[in-house]
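So the structure is just underneath, and the comments pick up after that.
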Amino acid sequence: MSTIDDYQNNVEIQWCPGCTNFSILQAFKKALVELDRMPQEVCMVSGIGQAAKLPHYLKCNFFNGLHGRALPVATGVHVANPRLTTIVVTGDGDCYGEGGNHFLHTLRRNPDITVVVNNNEIYALTKGQASPTTPLGESRTLQPKGVQLTPLNALAIAILHGCGFVARGFAGDIEHLKNLLVEAISYRGFSYVDVIQPCITWGTHPMNWYRDRIYKIGDSYDPTNRESALEKSMEWGNKVPIGIIYKVASSEIFAGRFRKAVSTRPMFEFQPPNRKIIFKLLSAFRASDGSHKEAHTD
Amino acid sequence: MSTIDDYQNNVEIQWCPGCTNFSILQAFKKALVELDRMPQEVCMVSGIGQAAKLPHYLKCNFFNGLHGRALPVATGVHVANPRLTTIVVTGDGDCYGEGGNHFLHTLRRNPDITVVVNNNEIYALTKGQASPTTPLGESRTLQPKGVQLTPLNALAIAILHGCGFVARGFAGDIEHLKNLLVEAISYRGFSYVDVIQPCITWGTHPMNWYRDRIYKIGDSYDPTNRESALEKSMEWGNKVPIGIIYKVASSEIFAGRFRKAVSTRPMFEFQPPNRKIIFKLLSAFRASDGSHKEAHTD
Amino acid sequence: MKDINVIIAGAAGEGIHTVGDILARTISAQGYAVFTWQEYESRIRGGQNSYSIRISEKPRNAPLLQADALLGLNDGAVNKYKPLLKEEGILIAQRQSRKRMITIPFGEVAKEELNDKIFANTIAIGALTGVLGADLDTLNQVLAEKFKKKGQGIVQGNLSAAQKGYRQATQQCKGMCAWKLPRQEARYYLVSGNEAIPLAATFAGCRFIAAYPMTPSTGIINYLAKEGELLGIFAEQAEDEIAAINMALGVSYSGARAMTATSGGGFALMVEGISLSGMTETPVVVILAQRPGPATGLPTRTAQGELLFSINAGHGEFPRLVLAPSDPYDAFHKIVKAFNLADKYQMPVIVLTDHFLADSQFSVLDFHLNTVSPTSYIADPQKIRDYKRYQLTKNGISPRLCPGQSRHLVGVDSDEHDEEGHITEDLDVMVRSMVKKRLSKLDSLKQEISLPEETNVNDADIVFVGWGSSRGALLEGLRLLKQEGNKVGMIHFTELWPLPEFSFPNGKTYITVESNATGQLARLLRSEYSVSFKGTISRYDGLPLTGEYIRSNFNEYYR
Amino acid sequence: MKDINVIIAGAAGEGIHTVGDILARTISAQGYAVFTWQEYESRIRGGQNSYSIRISEKPRNAPLLQADALLGLNDGAVNKYKPLLKEEGILIAQRQSRKRMITIPFGEVAKEELNDKIFANTIAIGALTGVLGADLDTLNQVLAEKFKKKGQGIVQGNLSAAQKGYRQATQQCKGMCAWKLPRQEARYYLVSGNEAIPLAATFAGCRFIAAYPMTPSTGIINYLAKEGELLGIFAEQAEDEIAAINMALGVSYSGARAMTATSGGGFALMVEGISLSGMTETPVVVILAQRPGPATGLPTRTAQGELLFSINAGHGEFPRLVLAPSDPYDAFHKIVKAFNLADKYQMPVIVLTDHFLADSQFSVLDFHLNTVSPTSYIADPQKIRDYKRYQLTKNGISPRLCPGQSRHLVGVDSDEHDEEGHITEDLDVMVRSMVKKRLSKLDSLKQEISLPEETNVNDADIVFVGWGSSRGALLEGLRLLKQEGNKVGMIHFTELWPLPEFSFPNGKTYITVESNATGQLARLLRSEYSVSFKGTISRYDGLPLTGEYIRSNFNEYYR
Ligand SMILES: Cc1ncc(C[n+]2csc(CCOP(=O)(O)OP(=O)(O)O)c2C)c(N)n1
Ligand SMILES: Cc1ncc(C[n+]2csc(CCOP(=O)(O)OP(=O)(O)O)c2C)c(N)n1
Ligand code: SF4
Ligand code: SF4
Ligand SMILES: [Mg+2]
Ligand SMILES: [Mg+2]
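Residue numbers (the working numbering), protein chains in the order written: chain A, 4 to 301; chain B, 4 to 301; chain C, 293 to 851; chain D, 293 to 851.
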């Protein structure tokens, strides 16, 4: 059985004191304990940004890669070792800006990974430029007269493209977020949680502004209905839903056919390649009319 | 007044004889003539692929750039010279695969350009790999056992992200397509037309297969309603709608604020930079307490 | 025997590829060393392209330009390629246009005598087989094999077509065709670079390839996608090249060998990922199949334009290996070396091929597979007490474990990091140590690099210095220039970064021979060996270097 | 006077940047040449960072490491930076910890005497001003200017705070502080690279910048976004670096000057776009602000690691210009040159800066703006009858027109193309001509390149060879080593590709000095000038080169 302490390491945390990322870190630890995962069973993948530093602060396997490129790396990890619990922690800039194309196409692939976007509606690490989720009109370091681009609705894109688990969390409610993470990580297939994560340094609104607007999706809501899920994903402004917005059974998992045909083991455990097969394939390039016997039998 | 001949050049066309791209080329020429644009008023921008060769076959200004990168180039052209009729011709691989991130974010920007995607559901120029729009299960050079990725619904993404003109055309109906192009090009704001363009060399289905399924959206359809537009964008299979799926007034056009503040002229006509202003801005970096007079007055 | 060069010309989509392949296989099955290369436009139909087949007793594996026999499938093809036909050569075409030719209206014959135009090309193949004096039996076997999936009817039709062409040709040949290709003992592999590479990768234990289609690299992933489940290799078409290399890095981090393949523009997009491989010390093998640039350039042509780019690609400084195999045999061996050294030194390895090597078929008698094997460099988790992914060691190589394999945690980081892979700002100690650790791997890596191949250098006044796939052309150039009385030699590099300890003998004139316009090899060697060059024989029109090109350029510019 | 070096240390978010800026402006307004540089971690709050201010009579514009005065805003900062304080130096801090120090509990004083903790830092500034013997009046003017937008109350509070600090310091100073900085005549611009560059770009007629945020380049677009409407420049934050360079190319194709700015990883992503610029002959200026790599590396530190990468970045071969200015003055002039030559030769220009140059403030007496100006190279459409974008010309430069400007059509193509910009496969004539046309531009381009700067080379035995932003440190190194009796000189490059005709005098020992680990300049110069080097003085810990670093490394390794 794993405990919170298993996930504790002694790395100095580089976030601003009081940053809401601390709550997300806490929710992660609790969720992994609740799921009884041991650190060695978990692999966290991230890009670059404040959010993307999270894997350093939680004892487990991690790949902290390039800005925007966490999803393809995580896809690779999942393909090579489906037994790992692979989790991507990323930011709104990382995932929807620089990494937008990978977001689109990883949805289509449906690897069995969980993607958590710490969405602070801003590029925090680079000091406050607009991100793809910054609301219209907000002024930013690089948009002094206000953002003029329509914000991205990544939840809706996910719902439209076969993602079977789409949720929104709030860093201000650790318990609720922890539950979402437990469900997301347990889900077989691509699961996606966008987390409202107010930045207390560059953000526009204080925590309470969000608290006033956020409401939890009630029990009567049917998360299996795509139309209502799409509608829910577009709710924004005075009322912002958190909870599971869309959940249906996953379509076939990425590389499923290959795994069925070959082996479910981690690739590093695969048997060494069969030389016979290679010789056979190579022989196809040589005229073999019996007049010449095979040169290689080793 | 422009005529079809104005758009004729003597470049040898490299498409397969009978390719449906010829029809799209024809529709373009007709549309431009109907709109009475002269070749020098038109700028075609493309990436790489069979579709992307089109600008070579139609006499006008053109920028045939990199695979996947037509949209940012066209955005630049529009910003620099909003008087040009800027049209992007691209393929499903070019626009939704390699160029997916630009598609997402150009929608958000809303430059006044028209994007036409010759969608043959395949990478044709590179000999038949799957594209983001290849249907599930179809077998391809690189997917011999069938495509396992959910196809992209780019029309829905566009509708969701502020694109005010979303349409689908069919290369098998030049007149209908021409009309769509006329409307798209006339639209002020980002307009987007996905054209079903069966590839007769690598494609799966003959022209008739498409003809049997395609129907024209009727007059009773209200293209200003977002919900029904989203629904329409998801219709696929036995019945495939063509026509204007979504049309609403455009939100503010990209760089509109700059244009209002500065000038509506092409940038190459801007007055040379005002040295006085530069000296003033530079002076901000020097303590000026009157004890030292300005060194530069030239 | 004297080498015979056959050119088959026609439009894209007209079937010259099939015609060429069948003929090449036939001659190969007849026991001869065959070398084929193609040149074609970047389009799917139309244009005029050619497929050249060189036939010799021992492997020559270099292109010849002039044709002994030319088969033209249409009038345009005949017109375009006739200038390459030697005066004493033989044209095979549908319409009479010169004296020394075989005229058979393939299309008409097929339609009238075999009731189907599709047999036209096989009539032509039969004719060529006849002209060359090879056995119809051998052709029949190849045809039967080729078409067996299409059913007995198609096989029969093709056999009849072949016979018709063969007969007509041998009749018309009387007194004109002097060639005889009697059956011989030898059996060569007839294989292209893009065929040898995926098999070599499999042999080396590669488990994953992600790539985005791009000529001339696509053949590699195509092959692996087809045979993947048999070979235990997963092949994925990525949404772009950036995803491709990052997926490969994810797989490699997880402990399995991974690769990607691309061409110039796609490689440009991977450059950030290469730097990531360098920083995280995650092995990856990248095949860079060169074609003429800049930008989209000439997608279906050949070049050696990315030597300096590949050696210097990536921000920051980190060890890498750059290999440039000379032919499919060498490619097989270099790919195994690439995977082994990528793993051993935990770094990116770039393998430079080009359209010429990727697409041309070479004759190889034996791959000597028993001389190479994959070697694993993953550490044993049992033997490690406290694991640190970036443990500082003498030679700079830290033990590599797989995440999930044991209780040990594996953390890697693209920021500058400490031994456990966590972000560091300890400039004075940790940062300096990590920079040194990574770069110190170069010292031992240098010891693994093979010396360049030297041919006739001692006796030479003039030494041609080349690299990669031009080896065959260089050797041919030497032969031709020797015949003209020159004292020439060759130094040929296939392992280009880091460069091995080597010194250029004094007192010789050195000239590089390169398929690029700026003499990149010369720039590289000047910097690393302080050798000077008289100049460069450059080819930059998209066609491969040939012995004849080298000979004539030498005579024009350097005598 | 002897130079004074002041270090202000504190956590991120504690305000050392504001403190440093106010003090630097005060001393600058007092008439002295000030040089400032900062070193900080890649985080928004916490850590311990420093802001150094060097004060001298004439511009020195190079960092000093040791402090004459150290202001520590918190205990951790004092502990971390105290080792840099000279024995005879003075510490200013809240708590007594050594003899030679000024102790003022800023926070308490602010709270108790001014009712607000926010004035703590201004008390510290006042104290420093007092310690340095500068005028309180000057400080008051700077404070009034700085806070005027915040209202009279805040201004008054700050003035009182400054006075308190100043008084307490001068009292405690008695007998300890020897410095005096009386008001002087000179008025320097106190400006960083990232401030000079956007103004220079505006001056050069740039109309567009697209960039994706990346330290240390972001300041450039930030500035232009703020002043864009005033300057007629449109600034756009792109979704990624690939979009940034392609947007810039779209603008440039349309006839307006355009640029982008980034750092290593972002530049890696732009490499394909650079090749596109080369092929389409579309001008673009790319600022590459270097930081230590590979990969994410050390985002807020400095390095010169991308020299060879930038010279060789891009598939295929095409002319480019690579500049590496030495300071903001030089940067201003080089940026204008960059835009002019990009336009004249229709090619990409890469300007290498680094975190040190981008962020440090240098003192410049006069920018001599009347010695430079933007020059247009767009042709006159009236004078052209039949327009061909890629017309073959003697010097390789074809007339450039703007689409939509006249009846002439402007077509550009990333494929190999004919004179009108249409795809060509005419290998023999068109392809060869186009390759030659593009590369022949290099001949005249070479004539435009400035020679390296030579300092004391004739008299020297040892010559240090450097490039880019390390010029100030090199000159200081020379001074220090001369004092020790060495015969040393300097050759300093700021225009690095193509390299000009130049020869290194014989009989000297050459050593390159570089902020990288592999001696990239040495590799480049060996290849181009056949000069040999005794070695390289390398710095690769993320901190800038200093005169002292050069002196001590020289003594340790090269004597
Ligand atoms: C290729 C590249 N471009 C730009 C950067 C600089 N960069 C680092 S983090 C970041 C934005 C982070 O925003 P987000 O993902 O929202 O994370 P946050 O800091 O807000 O948590 C950027 C632009 C980089 N590291 N690499
Ligand atoms: C960076 C890069 N990657 C890959 C390619 C190779 N490539 C050329 S066209 C193409 C796909 C074209 O597909 P699509 O856009 O659908 O056009 P189509 O040929 O089907 O009309 C690819 C992958 C390239 N030119 N550049
Ligand atoms: S800048 Fe914002 S997101 Fe980053 S650590 Fe500080 S509070 Fe958190
Ligand atoms: S391959 Fe397909 S899309 Fe391309 S030209 Fe031929 S038919 Fe048209
Ligand atoms: Mg963010
Ligand atoms: Mg397509």
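Every residue, glycine too, gets a C-beta built ideally from N, C-alpha and C.
Strictly under 8 Å for the Cβ-Cβ distance: is residue i near chain D by that measure?
i                 : result
Ser-5 (chain B)   : no
Val-723 (chain C) : yes
Thr-137 (chain A) : no
His-70 (chain A)  : yes
Would you kindly work out how many angstroms separate the C-alpha atoms of residue i and residue j, rounded to a whole number?
i                 : j                 : result
Glu-380 (chain C) : Lys-294 (chain C) : 14 Å
Thr-594 (chain D) : Thr-801 (chain C) : 44 Å
Gly-50 (chain B)  : Thr-93 (chain B)  : 6 Å
Leu-107 (chain A) : Tyr-480 (chain D) : 52 Å
Ala-157 (chain B) : Glu-238 (chain A) : 21 Å
Ala-814 (chain C) : Ser-822 (chain C) : 10 Å
Phe-66 (chain A)  : Val-704 (chain C) : 5 Å
Asp-197 (chain B) : Leu-38 (chain A)  : 45 Å
Ala-416 (chain C) : Gln-151 (chain B) : 42 Å
Tyr-515 (chain D) : Ala-623 (chain D) : 16 Å
Shorter than 8 Å from the beta carbon of residue i to some beta carbon of chain B?
i                 : result
Ile-247 (chain A) : no
Ile-336 (chain C) : yes
Gln-697 (chain D) : yes
His-714 (chain D) : yes
I'd like the list of long-range same chain contacts for residue i, defined as Cβ closer than 6 Å, with 5 residues on each side in sequence excluded.
i                 : result
Pro-691 (chain C) : Ala-671
Glu-349 (chain D) : Met-293
With a threshold of 8 Å on Cβ separation, who are the neighbours of residue i within its own chain once the five nearest residues in sequence on each side are excluded?
i                 : result
Ala-496 (chain D) : Arg-549, Ile-627, Val-628, Ala-630, Phe-631, Asn-632, Pro-666
Are the C-beta atoms of residue i and some chain C residue less than 8 Å apart?
i                 : result
Cys-799 (chain D) : It is Gly, not Cys, that sits at residue 799 (chain D) in the sequence shown. Not closer than 8 Å to any Cβ of chain C, the Cβ of Gly-799 (chain D) fails to qualify, so no.
For the putative contact between residue i and residue j, defined by C-beta atoms under 8 Å, what is the C-beta separation to the nearest angstrom?
i                 : j                 : result
Trp-329 (chain C) : Asp-735 (chain C) : That belief does not hold up - the Cβ atoms of Trp-329 (chain C) and Asp-735 (chain C) are roughly 40 Å apart, past 8 Å.
Gly-422 (chain C) : Ala-461 (chain C) : 3 Å
Thr-572 (chain D) : Ser-732 (chain D) : With 8 Å as the limit, Thr-572 (chain D) and Ser-732 (chain D) do not qualify as a contact, their Cβ atoms being about 17 Å apart.
Ala-453 (chain C) : Ala-517 (chain C) : Not quite, the Cβ-Cβ distance comes to about 33 Å (not below 8 Å), so this is no contact.
Quick one: using the 10 Å Cβ neighbour count with 16 as the cut-off for buried, is residue i buried or exposed?
i                 : result
Ala-264 (chain B) : exposed
Arg-268 (chain A) : exposed
Ile-7 (chain A)   : exposed
Arg-335 (chain C) : buried
Tyr-324 (chain D) : buried
Report yes or no: is there a C-beta of chain A within less than 8 Å of the C-beta of residue i?
i                 : result
Met-551 (chain D) : no
Thr-89 (chain B)  : no
His-81 (chain B)  : no
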